[in-house]
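Take a look at the structure below.
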Amino acid sequence: MKQSRLFAPTLKEAPSDAVIVSHQLLLRAGFIKQVAAGIYTYLPLGKKVIDNIETIVRAEHTAIDCSELLMPALQPKELWDQSGRWDVYGGELMRLKDRHQRDFALGPTHEEVITTVVKDYLNSYKKLPLSVYQIQTKFRDEARPRFGLMRGREFIMKDAYSFHEDAASLDVEYDKFVQAYHNIFTRCGLDFRMVEADNGQMGGSGSAEFMALAEVGEDTIVYSTDGDFASNIEVHDLAVGEPAPVGNGTIQHAKGIELGHVFKLGTKYSESFGVTFLDVDQKKQALMMGCYGIGISRIMMAIVEQKNDEFGIIWPKNLAPFDVHVVPICTKTPEIIDHALDIYASLQQAGYDVLLDDRPERAGVKFKDSDLMGIPLRIVVGKSIADGSVQIANRQTGEKLEVKVEDLKEALSEIYANLK
């Protein structure tokens, strides 16, 4: 991609209402643009990061035999009445009427819809277990949208649902999703913790949250200094210094951003919608269900909260919008631009996703924008090209290396392999 054709409007200063680092940097680096409070457009750079997150999510769901579908965002009130959540969900449910004055909601979640979708199919134990998921825009009428992508009225979410003949089968699938979530957040380069959580409005018998550690987090994690105990403070209100309730160690607190939540729903929704199957003895039983959510857009903001410096974003290579940024420092010098174009084409052929800064800007402007965007590797084509050399700059480590053009691919391959 040539940067002169890329829609990536960078800003020297963040808007005054952007108070946390991720919000400031995503706006300044041209990844998102606010449309209204809690509502954002994902610009091309942001969309590429979202796509990379979704690729990881899809791969890990395929690995546990969970198939993808897509359900409607618009949901009739009757479904929410049947589950008893139309009134219980409260003001966060985005409600509207069609031209016939029938009530609908823009879905914040899809338990009601998916239960009705599978109702006629899952009529026998022979068809169980089954797991499906979708990646979709969700809606919540937040009273106070804030912190950019952390708490919005419209956001991108992955929600999965599993169906089982008994609690033992649900436990097995739940554990598979827990492992998949560990894999996803690890591949995204996040510092996170899995913590015991409250089921809240979802209902069911048990749940766990996955939290990205960050001081701007709205949740408080209580954890043991020695052992695996970790919980949302809503479940275990323990003070700093108290003995841990499980194992050894004492309690400490940390702030976290909720990235994902897994639930054992039991038969709450299947009973509400009369979803039954015939077991091995040909007796009717209510389906057991699980539910598993991930905030896709929240992953993007959480990464930026954890990985940044005074110059901008530092993307992990798995999520970066481009692998390599080729920056010729003078586009008016034919030798420089010709070599930059050759390197650009050569690296594309080698399989790298490359951004070429062909803009007629000063070198300082190009370098600042490059640092702000956080692309992992930058190749600077400057005066040293007369001697057949270019510079490789590593955004993650700050290291810079002069290499001969003929050695560039080999050097780049080694550096890229060691990126996080």
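Note that the numbering used here numbers the sequence shown so that position 243 is 405, with each residue one more than the last.
Using N, Cα and C, we set each Cβ at its ideal position, and we do this for glycine too.
Problem set entry | Span of the beta strand (DSSP E) around Gln414 | Against the sequence shown, residue 414 aligns to sequence position 252. Note, Gln414: beta strand (DSSP E), 413-428.
Exercise. If you draw a straight line from the alpha carbon of Leu207 to that of Pro483, how long is it in whole angstroms?
Worked result: In the sequence shown, counting from the first residue as 1, residue 207 sits at position 45. In the sequence shown, counting from the first residue as 1, residue 483 sits at position 321. The alpha-carbon atoms of Leu207 and Pro483 are separated by roughly 6 Å.
Exercise. Relative to the C-alpha of Phe325, which residue among Tyr283, Gly389, Met463 is closest?
Worked result: Residue mapping note: residue 325 aligns to position 163 of the sequence shown, counting from 1. Nearest of Tyr283, Gly389, Met463 to Phe325, Cα basis: Tyr283.
For this session: Kindly indicate which three-state DSSP category Gln468 falls into: helix, strand or coil?
Result: In the sequence shown, the residue the question calls residue 468 occupies position 306. Note: Gln468 maps to helix in three-state DSSP.
Exercise. What number of angstroms, rounded off, separates the C-alpha of Thr495 from the C-alpha of Gln511?
Worked result: For this step, residue 495 is matched to residue 333 along the sequence shown. For this step, residue 511 is matched to residue 349 along the sequence shown. So the alpha carbons of these two residues sit roughly 25 Å apart.
Exercise. Would you call the region 392-406 and the region 421-432 touching, i.e. three or more CB-CB distances under 8 Å?
Worked result: no
Exercise. Who are Asn394's beta bridge partners in DSSP?
Worked result: Residue mapping note: residue 394 aligns to position 232 of the sequence shown, counting from 1. Asn394 pairs with Ile383.
For this session: Could you pull out every residue in the same chain whose Cβ sits closer than 6 Å to the Cβ of Trp477, ignoring the five residues on either side in sequence?
Result: As a first step, residue 477 must be located in the sequence shown, where it is residue number 315. Cβ within range, chain order: Gly536.
Problem set entry | One or two residues paired with Phe347 in a DSSP bridge | One-based indexing of the sequence shown puts residue 347 at position 185. Looking at the DSSP assignment, Phe347 forms no beta bridge with any residue, so it has no partner.
For this session: On the DSSP bridge assignment, give the partners of Ala555 in chain order.
Result: On the sequence shown, position 393 is the one that residue 555 refers to. According to DSSP, which records beta bridges pairwise, Ala555 is partnered with Arg540, Lys562.
For this session: Assuming Asn480 and Asn214 form a contact by the criterion Cβ under 8 Å, report the distance between their Cβ atoms to the nearest whole angstrom.
Result: Your numbering for residue 480 matches position 318 in the sequence shown. Your numbering for residue 214 matches position 52 in the sequence shown. The pair is a contact, with the Cβ atoms about 6 Å apart (cut-off 8 Å).
Problem set entry | Best match in Gly455, Asp533, Gly452 for proximity to Ile475 [C-alpha to C-alpha] | Numbered from its first residue, the sequence shown carries residue 475 at position 313. Of the listed residues, the one whose Cα sits closest to Ile475 is Asp533.
Exercise. Thinking C-alpha only, which one of Ile505, Lys320, Lys338, Gln244 is nearest Lys164?
Worked result: The residue given as residue 164 occupies position 2 in the sequence shown. Of the candidates Ile505, Lys320, Lys338, Gln244, the one whose C-alpha sits nearest the C-alpha of Lys164 is Ile505.
Exercise. Taking the alpha helix (DSSP H) that Arg220 falls in, what are its first and last residues?
Worked result: Within the sequence shown, numbered from 1, the residue matching residue 220 stands at position 58. Per DSSP, Arg220 belongs to the alpha helix (DSSP H) from 206-225.
Exercise. Should Ile547 be counted as a contact of the ligand PLP given a C-beta to heavy atom distance under 6 Å?
Worked result: Here there are no bound small molecules, and the ligand PLP is not part of this structure.
Exercise. Do Ser409 and Thr387 have their C-beta atoms within less than 7 Å of each other?
Worked result: For the purposes of this step, residue 409 is taken as the residue at position 247 of the sequence shown. For the purposes of this step, residue 387 is taken as the residue at position 225 of the sequence shown. According to the sequence as given, residue 409 is Gly; it is not Ser. No; because the gap between Cβ atoms is not below 7 Å, this pair is not in contact.
Exercise. Do Val486 and Val516 have their C-beta atoms within less than 7 Å of each other?
Worked result: As a working mapping, residue 486 is identified with position 324 in the sequence shown. As a working mapping, residue 516 is identified with position 354 in the sequence shown. Yes, these two residues count as a Cβ contact at 7 Å.
For this session: Assess, as a yes-or-no matter, whether the region 333-348 is touched by the region 191-208 under the definition of 3 or more beta carbon pairs within less than 8 Å.
Result: no
Exercise. Who pairs with Phe266 in a beta bridge, going by DSSP?
Worked result: As a first step, residue 266 must be located in the sequence shown, where it is residue number 104. DSSP, once it has assigned bridges, lists Pro238, Leu258 as partnering Phe266.
Problem set entry | Residues bridged to Glu335 (per DSSP) | As a position in the sequence shown, residue 335 is number 173, starting the count at 1. Answer is none; Glu335 lacks a bridge partner.
Exercise. Relative to the alpha-carbon of Ala392, which residue among Gln414, Tyr323, Gly403, Ile541 has its alpha-carbon at the smallest distance?
Worked result: Here residue 392 corresponds to residue number 230 of the sequence shown, with the count starting at 1. Comparing Cα positions, the closest option is Gln414.
For this session: Say whether the region 304-319 touches the region 189-204, bearing in mind that this needs 3 or more beta-carbon pairs closer than 8 Å, one atom from each stretch.
Result: yes
Problem set entry | The alpha helix (DSSP H) enclosing Leu375, as first and last residue numbers | Here residue 375 refers to the residue found at position 213 when the sequence shown is read from its first residue. Run containing Leu375: none in the alpha helix (DSSP H); it sits in the beta strand (DSSP E), 368-375.
For this session: Compare the beta carbon distance of Gly457 and Met233 with 7 Å and say whether it is the shorter of the two.
Result: The sequence position of residue 457 within the sequence shown is 295, counting from 1. The sequence position of residue 233 within the sequence shown is 71, counting from 1. No, the Cβ-Cβ distance between Gly457 and Met233 is not below 7 Å.
For this session: Just tell me which of Ile383, Ala579, Ala548, Leu539 has its CA closest to the CA of Leu563.
Result: The residue you call residue 563 lines up with position 401 of the sequence shown. Ranking Ile383, Ala579, Ala548, Leu539 by Cα distance to Leu563 puts Leu539 first.
Exercise. With 16 as the cutoff for other CB atoms within 10 Å, does Arg557 come out buried or exposed?
Worked result: For the purposes of this step, residue 557 is identified with residue 395 of the sequence shown, where counting begins at 1. So Arg557 counts as buried.
Exercise. Quick one: is Glu377 buried, meaning 16 or more other Cβ sit within 10 Å of its Cβ, or exposed?
Worked result: Here residue 377 refers to the residue found at position 215 of the sequence shown. It counts as exposed.
Exercise. Quick one: what's Cys453 bridged to in DSSP?
Worked result: Counting from one through the sequence shown, the residue named residue 453 turns up at place 291. Partner(s): Tyr323, Phe425.
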